[in-house]
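Participant: My structure is below; once you've seen it, I'll send some questions.
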DNA sequence: CGAATGATCCCCTATTAGGGGGATTAACTT
DNA sequence: AAGTTAATCCCCCTAATAGGGGATCATTCG
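Chains as they are written, first to last, in the numbering used here: chain A, 281 to 488; chain B, 281 to 488.
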């Protein structure tokens, strides 16, 4: 059975080219093409597409919201962002909204077909530059710019789990005062004034 | 000029196969192959490889640490993880350590060559299942499964910034007791017993 | 119209946390 | 051998937090 595809793209010429391209391979059924995604949720519910190609920069409702609407309507539909934007903001917003792939418009038609098949096989097609950005976002530099010791890291980790000073002390088999000492040192090193700030900083900066 | 490649893989047969495979295409220079990455840092400094293929499960020093050593020695060297592991833990640890790609050992030789070229062109080759996990990690539920109200979200956000109850109250122009009420309701809804746990949960589950 | 909810406010008590000191020991560095 | 650091422990005091009760008022909703 042909893959059912829906396209959201406000550039009429490009959209028509895509429709033409996909239809003429014979492998795809273009179930619809729209120049906006105002009604993306209902469209998805009605046509139950396998794949959605989603532009980002569209009037009224952006493709970012579009992804969210499609995914809420039908989580199994794979959404591939198809855009000229390489900036981090739009990329990560799209991914957070649930996009399954992210292609730059400069890719060749054959790569687009590859990408559609890849996403149907459970993959996540991305243009190389995009994939690099995504992996780069995990990269964590020198974790220890605050020179937190191993012991302090243990204490800090327990703190983020909501342990009280007393619980930390008993779990580590040290006295209450020692645990407190560690905490005080941690606060000084992280330049914070309380445990709550320390937890926030530790989690946000991936110290733990 | 041929791409200079170094392989860290403790399975002798597989490693030799890889060396054979890469050498016989003529496009690659295998500058070294090792069954452990104890000395990965120095090896990288000496041979300055373009690409490193890194197994994860190795005796003494794991490939995760191996990536870190290679990247510290020479950030420009692209490191591709080459492993049987699909579990989230090892995947994300590798990415955090700075891996540029993540391939499962079941891929075909031709795909391996593709991946090596892709990583040299600034991409981030990943097996489809891996790419899906990576993108999935950005996905945020947005379900508000804890039915936190708008006001509570304000309070929770301030809490994660380390604000005390008193500060929250004055910033929101409400009484101390009201702020405290909100906090108590938040703790109940998040099923936690203190502010520290609430902050942890809010940040980890992207509630804020 | 009542019921439910969200936001506001109050009281009481026990525990916890935070800031300020200071001290000892073992291990590693210079 | 002297110095540094990490880890351990102790005391005092004040402020903040958590858990347990309630209460009022407006809005939303069936």
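In this text, a Cβ means the ideal position worked out from N, Cα and C, and glycines have one as well.
Threshold first: 3 residues or longer. Then list the beta strand (DSSP E) segments lying entirely within the region 413 to 468 of chain B, N to C.
Facilitator: Within the region 413 to 468 of chain B, no complete beta strand (DSSP E) run reaches 3 residues.
Participant: Just the Cα atoms here: how many angstroms apart are residue 488/A and residue 436/B?
Facilitator: Near 21 angstroms, if we compare the C-alpha coordinates of residue 436/B and residue 488/A.
Participant: Listed from N- to C-terminal order along the chain, which residues in the region 423 to 440 of chain B have their beta-carbon within a distance smaller than 9 angstroms of any beta-carbon of chain A?
Facilitator: Going along the region 423 to 440 of chain B in chain order, one finds 439, 440 with a Cβ nearer than 9 angstroms to chain A.
Participant: Just to confirm before moving on: does the CB-CB distance between residue 330/B and residue 343/B stay below 7 angstroms?
Facilitator: No, Cβ-Cβ distance for residue 330/B and residue 343/B is not below 7 angstroms.
Participant: Within the continuous alpha helix (DSSP H) that includes residue 478/B, where are the two ends?
Facilitator: 475 to 484 is the span of the alpha helix (DSSP H), which, as asked, contains residue 478/B.
Participant: For residue 297/B and chain A, any beta-carbon pair shorter than 7 angstroms?
Facilitator: Residue 297/B does not count as touching chain A.
Participant: Looking at residue 475/A: is its Cβ nearer than 7 angstroms to the Cβ of residue 476/B?
Facilitator: Yes.
Participant: In the DSSP assignment, find the alpha helix (DSSP H) that holds residue 343/B and state where it starts and stops.
Facilitator: Here the alpha helix (DSSP H) through residue 343/B covers 343 to 353.
Participant: Which partner residues of residue 383/B appear in the DSSP bridge assignment?
Facilitator: Bridge partners of residue 383/B: 362/B.
Participant: Can you give me, in chain order, the residues of the region 465 to 477 of chain B that have a beta carbon less than 9 angstroms from any beta carbon in chain A?
Facilitator: Cβ contacts with chain A: 472, 473, 474, 475, 476, 477.
Participant: Work out the CA separation of residue 298/B and residue 312/B for me, nearest whole Å.
Facilitator: Computed Cα separation, rounded: 11 angstroms.
Participant: Apply the 10 Å Cβ neighbour rule to residue 480/A and answer buried if 16 or more other Cβ atoms are within range, or exposed otherwise.
Facilitator: So residue 480/A ends up on the buried side.
Participant: Which whole-angstrom value describes the C-beta separation of residue 283/B and residue 308/B, a residue pair presumed to lie in contact below a C-beta threshold of 8 angstroms?
Facilitator: Correct: roughly 5 angstroms between the Cβ atoms.
Participant: Looking at C-beta atoms only, is the number of pairs between the region 358 to 365 of chain B and the region 391 to 410 of chain A that lie closer than 8 angstroms three or more?
Facilitator: In short, these stretches do not touch, since the Cβ pair count stays below three.
Participant: Straight-line CA distance for residue 472/A to residue 302/A?
Facilitator: Looking at the two C-alpha atoms, the distance is approximately 56 angstroms.
Participant: Mind checking residue 346/A: buried by the 16 CB within 10 Å criterion, or exposed?
Facilitator: The residue in question, residue 346/A, is buried, as its Cβ has 16 or more Cβ neighbours within 10 Å.
Participant: Quick one: Cα of residue 295/B to Cα of residue 333/B, how far?
Facilitator: The alpha-carbon atoms of residue 295/B and residue 333/B are separated by roughly 10 angstroms.
Participant: Run the CB neighbour count on residue 462/B, radius 10 Å, all protein chains shown included, and call it buried at 16 or more, exposed below.
Facilitator: Counting Cβ neighbours within 10 Å, residue 462/B comes out buried, since at least 16 surround it.
Participant: With 9 angstroms as the limit, tell me which residues of the region 396 to 415 of chain A have their beta carbon closer than that to any beta carbon of chain B; keep them in chain order.
Facilitator: Cβ contacts with chain B come from 398, 399, 401, 402, 403, 404, 405, 406, 407, 408, 409, 410, 411, 412, 413, 414, 415.
Participant: Do residue 340/B and residue 318/B count as a contact pair if the criterion is CB distance below 7 angstroms?
Facilitator: Yes, the Cβ-Cβ distance between residue 318/B and residue 340/B is below 7 angstroms.
Participant: Which residues bound the alpha helix (DSSP H) around residue 400/A?
Facilitator: That run of the alpha helix (DSSP H) goes 389 to 400.
Participant: Whole angstroms are fine: how far does the CA of residue 379/B sit from the CA of residue 419/A?
Facilitator: Using only the alpha carbons, I get a separation of about 8 angstroms.
Participant: Residue range of the alpha helix (DSSP H) that residue 369/A falls in?
Facilitator: Unbroken alpha helix (DSSP H) run through residue 369/A: 368 to 377.
Participant: Name the DSSP bridge partner or partners of residue 333/B?
Facilitator: Partner(s): 287/B, 360/B.
Participant: Could you check if residue 370/A is buried or exposed, using at least 16 other CB atoms within 10 Å of its CB as the buried criterion?
Facilitator: With 16 or more other Cβ atoms within 10 Å, it is buried.
Participant: Given residue 352/A, which residues of its chain have a CB within under 7 angstroms of its CB, disregarding the five upstream and five downstream residues?
Facilitator: So the list reads 321, once near-sequence residues are dropped.
Participant: In terms of alpha-carbon separation, which member of 465/B, 415/B, 316/B, 417/B lies closest to residue 434/B?
Facilitator: The shortest Cα separation from residue 434/B among 465/B, 415/B, 316/B, 417/B belongs to 465/B.
Participant: Indicate the three-state DSSP secondary structure (helix, strand or coil) for residue 326/B in the structure shown.
Facilitator: It is helical.
Participant: Pick out whichever of 354/A, 355/A, 358/A, 384/A has its Cα sitting closest to the Cα of residue 367/A.
Facilitator: Checking every option, the nearest Cα to that of residue 367/A belongs to 384/A.
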